[in-house]
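Residue numbers (our numbering), protein chains in the order written: chain A, 912 to 1439; chain B, 91 to 467. Notes follow the structure.
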């Protein structure tokens, strides 16, 4: 039952916390198993949560952190294992039952009704909401909650009017108002500015100090060190270590998090970068909200080079990727691909110039879920011979092209007519990456290419990118995962507020400096 | 170090979406739905003092059991299928043309205008009338199409509202400028000088082949052309279409105009093949029935052929039953019940009932299986 493909080459730790505490655990999870078709998300996990502590669950995307917490909060039922709360075995069949047992979770993607006010959202589906309400009563009750927990929100503001940080406070208040003793925060800082993140950490510590147990799911090392009392590291669905945070440093955590075996499998051919493929000068573009998202941005990428863009989400990375594929209008500036200016060109012209794009969100931008594997495979080919024959599409050539693509990119599909939405995330991404690298003879733009993938699929996608670079293409890698950028980039550029705040060769890069630039230089990093 | 305490699984039934549904199961489930509806209707009729079996036999006999009944069904099916195809082609891009009724009227209107005001040999004139019919339908949807494509204005409202305008406009011409003055009671135009040739000495005109031809052409176009591919991608995901540089707005315009043209064709066939006179009652809500047909067929052109014919049989059976003492209202109710059951059957065919068993981790070993159920995110 225990397969051992994922060897624990890092110092293997018992799954018990290294420092047994005299306080009995509030929550005990024992031997939790959970599998999804094609992937085992949790391999017999043991976890203790105590009153008064902030517990960080650290792991890469797909390590099984969110699955474990979704089990604790009643979203999923485990295949095997027991959960005890204050020593009593519980068996949640729904989130409502977990909430009744005083366990609450704030999901990464908020579950708020945009058109309702903060107060209405907090009171929605709450047993203690009075039978007769009006905005005044709700506002008053919300104010009281704000004061009790020290979290301020404007009760009568509609959710869509609030910043993401404020929306998160509404979510936290909603969970706390139900009397949560265990508060689970799933990747809470992924949507926050550095300032808001600091504020959130203060709230988390205060809640722990009041006797609650706070769990923070994260893949960021700094957050673990900044806020937690204890840290449990997961990799490939197993617990690698569980320690007191004060015994850890960044280096140790990074080793536990990534594991050695994955680094070595990426084969980087040493080569001199060739001539410039992409040259961007003084580029300006607006965001969807009409604000300046790119401000006089300059970039150059050469043949056989991966340029990694690091930065906190929302500093213009998405807009940059869209502009470089003709999906977003340019206000001014130049985009030269092989010395040809492609400003104001259509997405089709970028494809013709040999630019491919693995978009930010594969299911909403890159693939059509209800169409077949073949139909999705030919999205970039359907206008070109041999797939196109005049106005017709040659279905035999189409399936030949698609089969070759599926083969080459090792996508596992039951048959070519299967709807893409029935494929696992990893297979979807391999299909998408294969299709776009085929187009990207000159330049590939990859945005969060491994987000949400399990370890194996992540490794596979990174290998594809590296191979593509080794074959002489230029790659622009945009990722929120700094470790990923450090792992595969040749050069790193830090983006802040629509500009490149600094550029380094990866070998000379200094993590702290990158972190500093990512935060606009305004926050000082804690030393490791 | 791992304690295995298997939590007893709850023995509850769950609906689970089928990944691949064999065609015979789909047909069986739909048949079952209609049979259930008929049983329900039968019980109600029985309670009301009627003899459901006798009535049913009579209805079946007179609609499907005689050549005359079958021909009547085909004649009625023709406009239902064409408006059904008009709605179905929009559905491929998640556009809802609720205005097929109005476009049908305008198609008939344009064809009538040509027939009444131009003279020429019959084949030429009929061809001109077909072209005019298609253009009439297209013009009637042009404004909703432009508003939808370039200002994102909901096409459901605009196309629907134009139906009412169309009926008034045609009624005005039928009782006003174009009225047949030789027969004072009629509120319609005079008999058109050109009509569709009949097939042998049957009641059928050659217009009945148009829906079949259109269904075949549409299927080929959607499955095997670059245009059809773009339509399918846009229908699947507009953002992916934009990502791939597909001209989404232009395709919205094209598909809506095509939809209007098909509805317009049903208008010309109706006026030149069946009624021979234009009046404000030309369409018996065919455009609205087309929505039902397209929805039952789930947007598939061949499905529209089948659903349109079956709906025509159902409507004719209703007429037969009315002669046996059932009221019009009862007929509408019976048809409604059958259509609701058919629609539920359509959805039910995509699911199957499973007893949810908790999977043990040991079974997870078969890595080859990488299907992901819809509920897994």
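For every residue, glycine included, the Cβ atom is placed at its ideal position computed from N, Cα and C.
{"Asked": "Residue 1226 of chain A, DSSP secondary structure in three states", "Found": "coil"}
{"Asked": "Opening and closing residue of the alpha helix (DSSP H) in which residue 136 of chain B lies", "Found": "113–137"}
{"Asked": "CB contact below 8 Å: residue 240 of chain B versus chain A", "Found": "no"}
{"Asked": "Neighbour flag for residue 378 of chain B against chain A, beta carbons, 8 Å", "Found": "no"}
{"Asked": "Short-range partners of chain A found in the region 332–358 of chain B, where Cβ spacing is below 8 Å", "Found": "332, 333, 334, 335"}
{"Asked": "Supposed close pair residue 1064 of chain A, residue 1077 of chain A - CB separation, criterion 8 Å", "Found": "6 Å"}
{"Asked": "Where the beta strand (DSSP E) through residue 1015 of chain A begins and ends", "Found": "1014–1017"}
{"Asked": "Cross-chain neighbours of residue 1294 of chain A in chain B, by beta carbon under 8 Å", "Found": "316"}
{"Asked": "Extent of the continuous beta strand (DSSP E) to which residue 1187 of chain A belongs", "Found": "1187–1197"}
{"Asked": "Cβ-Cβ distance between residue 1145 of chain A and residue 333 of chain B below 8 Å", "Found": "no"}
{"Asked": "Simplified DSSP assignment, three categories, for residue 268 of chain B", "Found": "coil"}
{"Asked": "Residue 307 of chain B to residue 344 of chain B span [Cα, whole Å]", "Found": "16 Å"}
{"Asked": "Proximal residues of chain A, C-beta to C-beta of residue 330 of chain B below 8 Å", "Found": "1275, 1276, 1277, 1278, 1279, 1290"}
{"Asked": "Neighbour-count burial assignment, residue 1149 of chain A, 16 or more Cβ in a 10 Å radius", "Found": "buried"}
{"Asked": "Local Cβ density within 10 Å of residue 1362 of chain A, reported as buried at 16 or more and exposed below that", "Found": "buried"}
{"Asked": "Opening and closing residue of the alpha helix (DSSP H) in which residue 1346 of chain A lies", "Found": "1336–1350"}
{"Asked": "Within-8 Å CB hit, residue 1425 of chain A to chain B", "Found": "no"}
{"Asked": "Nearest candidate by alpha-carbon position, reference residue 234 of chain B, set B:247, B:142, B:112", "Found": "B:247"}
{"Asked": "Candidates A:1137, A:1122, A:1400, of which the one nearest residue 1161 of chain A by Cα", "Found": "A:1137"}
{"Asked": "Within 8 Å of chain B by C-beta, residues of the region 1298–1315 of chain A in sequence order", "Found": "1299, 1302, 1303, 1304, 1306"}
{"Asked": "Reference residue 167 of chain B, options B:271, B:123, B:315, B:298, closest by Cα", "Found": "B:298"}
{"Asked": "Partners in chain B for residue 1282 of chain A, counting only beta-carbon separations shorter than 8 Å", "Found": "322, 323, 326"}
{"Asked": "CB contact below 8 Å: residue 105 of chain B versus chain A", "Found": "no"}
{"Asked": "Cβ distance (whole Å) where residue 1208 of chain A is taken to contact residue 1410 of chain A below 8 Å", "Found": "6 Å"}
{"Asked": "Cβ-Cβ distance between residue 222 of chain B and residue 256 of chain B below 8 Å", "Found": "no"}
{"Asked": "At least 3 beta-carbon pairs within less than 8 Å: the region 147–156 of chain B vs the region 364–373 of chain B", "Found": "no"}
{"Asked": "Distance CB(residue 1164 of chain A)-CB(residue 969 of chain A) smaller than 8 Å", "Found": "yes"}
{"Asked": "Burial state of residue 947 of chain A, where buried means 16 or more other Cβ atoms lie within 10 Å", "Found": "buried"}
{"Asked": "Per DSSP, the bridge partner or partners of residue 1267 of chain A", "Found": "A:1355"}
{"Asked": "With 16 other Cβ atoms within 10 Å as the buried cut-off, status of residue 1025 of chain A", "Found": "exposed"}
{"Asked": "Beta carbon proximity, residue 1088 of chain A to chain B, threshold 8 Å", "Found": "no"}
{"Asked": "Cβ neighbour criterion (16 or more within 10 Å) applied to residue 1174 of chain A", "Found": "Its pLDDT being 48, under 50, residue 1174 of chain A is placed unreliably in this model, and the coordinates cannot settle the point."}
{"Asked": "8 Å Cβ shell around residue 1213 of chain A - same chain, five flanking residues per side excluded", "Found": "1184, 1185, 1186, 1187, 1188, 1385"}
{"Asked": "Beta-carbon proximity of residue 414 of chain B to residue 148 of chain B, cut-off 8 Å", "Found": "yes"}
{"Asked": "Residues that DSSP places opposite residue 1069 of chain A in a beta bridge", "Found": "A:1028"}
{"Asked": "Backbone CA spacing between residue 1426 of chain A and residue 348 of chain B [nearest angstrom]", "Found": "56 Å"}
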